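Written below as structure tokens is the structure these notes are about.
Chains as they are written, first to last, in our numbering: chain W, 409 to 869; chain L, 3 to 136.
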């Protein structure tokens, strides 16, 4: 009889975790000496509002969340990702990862292939981009091909993407010049509070899982403060395990640019933390973590990135619900589950991502839906409960609406401790959540601070 | 697919519809923890509501969500006036949006923080299980 126990964490995607962070100041100085120009990282703006900051992608690449990606993609790699969702090495990867720059800035910098560019963040040296290739893109074309169209991807794309879609706007707002090449962080940022206690890059996450003795771990994707439906989903999905339920439940929040009205990221991570601090899931079994990424809301495409990130962290299973990482009605509400159960050929998957060459080891736990059923008197699973018409579905928007009307959500919907975390950040940042002031200040503050590091003389102007 | 507009009922709102035919239409949700009235509208009218407010959106259930609280109050007022849950209620509310413009603008700027004691969670947070190691 085969042993069904899972004894090890899954391997990193691509075979090894990318770690491109230089911690030795002397080495950092030597690398800076090779740079021929300095560029201050700027946010990507859509209609004047920040929708992305490439620093988050540099962090996620250099700390290995996106392994085996090592930097900004070459033109051939970009084409491969858009055509097949594969890197040139054959490993599955869903999104273009690009360092874009305006024509004006490009001319000012005077750099080309073979040059090294020092990237500055918050007025301090941050990372180096080893320029391998310079090429132009048509941002609108990249946007359309990234998310798909009803004609090319009829299995899951229902309507054409437009300017109501945040992720589409991100790609449409890219600058036309791409500098491709590897990134290296040479001045390690300090993660700000409260995010610092949730910072578990893949290498550290794996060390922590091993310390805790976990070999079966399930990931919960979030961009929300948890309601009791999320909590039920986490607890029940974790029964998958091997000969017993999963050892660990890892919440991985996507932290990045937000929309006005969304909950502040601080409330999201602390809200999830409150689930274990207030004892609803034992802290020995529950961890809150985050990844820096400006969410693209690409439903099945986004789910592939989630698979990559969480497998790199050492996670064995991933729960995927209805409308995973979705916004609006562009995709079939079960598009992610279609991908992870039979594949989406038009996106390069004639089988699920764990059955294709260069695919993922992480396994899906496709969950249809939970709702509250007064007859079952529980959080009922939609494949069990037949009490149509009396059950109540969860909706984050509905709960935000209650809060907006001054109604404290009942404990059946929101744990009181979690609601109080929302109030804590409401006191600090005001309302509406993620208001314009918050978004503007946040884009200046970011999630990190950088230690002071002197620029080499030849780069001072 | 039809769209829906839900109005959550607090004590005051429940009192306002007591004894009317609307009382029979009250739906308990989340096991009775909340009560609400639901107005069903056409796709076009639903979209018209969404177009009025920058944050408004359809949620995954087809409900129109994240409209200003002032608009929800207006919809409830129209429900009571018309004693109906037909889409004419929403049509009437949309027609009167100019009258709540100032309230909506105020809401966009600020909403008072709920007056509740959060000291218990601040206490819990003093001793987090996950500690910064960087």
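All residues carry an ideal CB built from backbone N, CA and C; glycine is no exception. Note that the structure is a prediction, hence the values are computed from the model and not measured.
Within its own chain, the residues whose Cβ lies closer than 6 Å to the Cβ of residue 622 of chain W, once the five positions on either side in sequence are excluded, are 655 and 656, listed in chain order. Residue 11 of chain L is outside the set of residues whose beta carbon lies under 7 Å from a beta carbon in chain W.
Straight-line spacing of the CA atoms in residue 475 of chain W and residue 421 of chain W works out to 6 Å.
Comparing C-alpha distances from residue 783 of chain W to each of W/796, W/771 and W/690 shows the shortest one belongs to W/796. Residue 762 of chain W carries a coil assignment under DSSP once its states are collapsed to helix, strand and coil.
Assigned with DSSP and collapsed to three states, residue 773 of chain W falls in strand. Look at residue 857 of chain W here: in three-state DSSP terms it is strand.
For the pair residue 630 of chain W and residue 588 of chain W, the CB atoms are not nearer than the 7 Å cut-off. Taking C-beta atoms as the reference points, residue 805 of chain W and residue 67 of chain L count as a pair closer than 7 Å. The DSSP-derived three-state label of residue 796 of chain W is coil. The beta-carbon of residue 48 of chain L is placed no less than 7 Å from the nearest beta-carbon of chain W. Residues of chain L whose Cβ lies closer than 7 Å to the Cβ of residue 686 of chain W are, in chain order, 126. For the stretch 591-621 of chain W, the set of residues with a beta-carbon nearer than 7 Å to any beta-carbon of chain L comprises 598, 599, 604, 605, 606 and 607, in chain order. Assignment of residue 479 of chain W by DSSP, reduced to helix, strand and coil, places it in the strand class.
Shown here for residue 58 of chain L: same chain residues with a beta carbon closer than 6 Å to its own, the five before and five after excluded, namely 52, 68 and 69 in chain order.
Take residue 11 of chain L, set aside five residues on each side of it, and the residues of its chain with a beta-carbon closer than 7 Å to its own are 28, 37, 38 and 39, in chain order. For residue 481 of chain W against residue 489 of chain W, the beta-carbon gap comes to about 7 Å, under 8 Å, which counts as contact. In the three-state reduction of the DSSP assignment, residue 731 of chain W falls in the coil class.
Here residue 708 of chain W is near residue 747 of chain W, since their CB atoms are less than 7 Å apart.
Proximity of residue 89 of chain L to chain W, defined by a Cβ-Cβ separation below 7 Å, is not satisfied. Taking a Cβ-Cβ cut-off of 9 Å, residue 432 of chain W has no neighbours in chain L, whose nearest Cβ is about 17 Å from it.
Residue burial annotation: residue 61 of chain L is buried, with at least 16 other C-beta atoms found within 10 angstroms of its C-beta.
Excluding sequence positions up to five before and after residue 424 of chain W, its CB lies within less than 8 Å of the CB of 475 and 476, all in the same chain and listed in chain order. Rounded to the nearest whole angstrom, the CA to CA distance from residue 535 of chain W to residue 757 of chain W is 35 Å. About 15 Å separates the Cβ atoms of residue 607 of chain W and residue 664 of chain W, ruling out a contact at the 8 Å cut-off. Contact annotation: in the stretch 730-761 of chain W, residues whose CB is within less than 9 Å of a CB in chain L are 730, 731, 734, 735, 736, 737 and 741. Residues of the stretch 66-87 of chain L with a C-beta atom less than 8 Å from some C-beta of chain W are 67, 68, 69, 70, 71 and 74, listed in chain order. A straight-line Cα-Cα distance of about 36 Å links residue 679 of chain W and residue 18 of chain L.
With its beta carbon at least 7 Å from every one in chain W, residue 18 of chain L lies outside the interface. The beta carbon of residue 98 of chain L does not come within 7 Å of any beta carbon belonging to chain W, so the residue lies off that interface. Taking 8 Å as the upper bound for CB-CB distance, residue 441 of chain W and residue 864 of chain W are in contact here, some 5 Å apart. Per the C-alpha coordinates, the member of W/731, W/716 and W/439 positioned closest to residue 725 of chain W is W/716.
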